[in-house]
Amino acid sequence: MASNSLTSWTPKQNKLFEKALALYDKDTPDRWQKVAKAVGGKSAEEVKRHYEILEEDIRHIESGRVPFPNYRSGGNSG
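Below, the structure written as structure tokens:
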């Protein structure tokens with residue numbers, strides 16, 4: 003199951019999640035409780051599952067199961 007069916011995550015919560023992961027590494031005691039507190043509105047189990055889904059997505063991308071987008075080059079940006 004590659005979708006987080008427990009709860010939805012807002013863009014703000016995702017950004018707080020990313021920042022908390024940078025702050026609390028895998029060796030941090032009570033990591034998921036601290037990440038959940040930093041995100042707000044999520045349990046430790048929810049943030050841990052969100053992380054597991056992220057890891058799964060990364061594995062799929064790195065294994066070539068997810069194609070890279072075909073961005074057009076040569077656009078005029080000014």
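In my numbering, the protein residues as written are 3 to 80. No residue lacks a Cβ here, since even glycine has one placed at the ideal position from N, Cα and C. Given the structure is predicted, the values throughout are model-derived calculations rather than measurements.
- Under the criterion of beta carbons closer than 8 angstroms, W11 and H52 qualify as touching, at roughly 7 angstroms.
- Annotation for Y53: the continuous alpha helix (DSSP H) segment containing it runs 46 to 64.
- Around the beta carbon of K44, 16 or more other beta carbons lie within 10 angstroms, which makes this residue buried.
- Put simply, the backbone Cα of S65 is about 17 angstroms away from that of E54.
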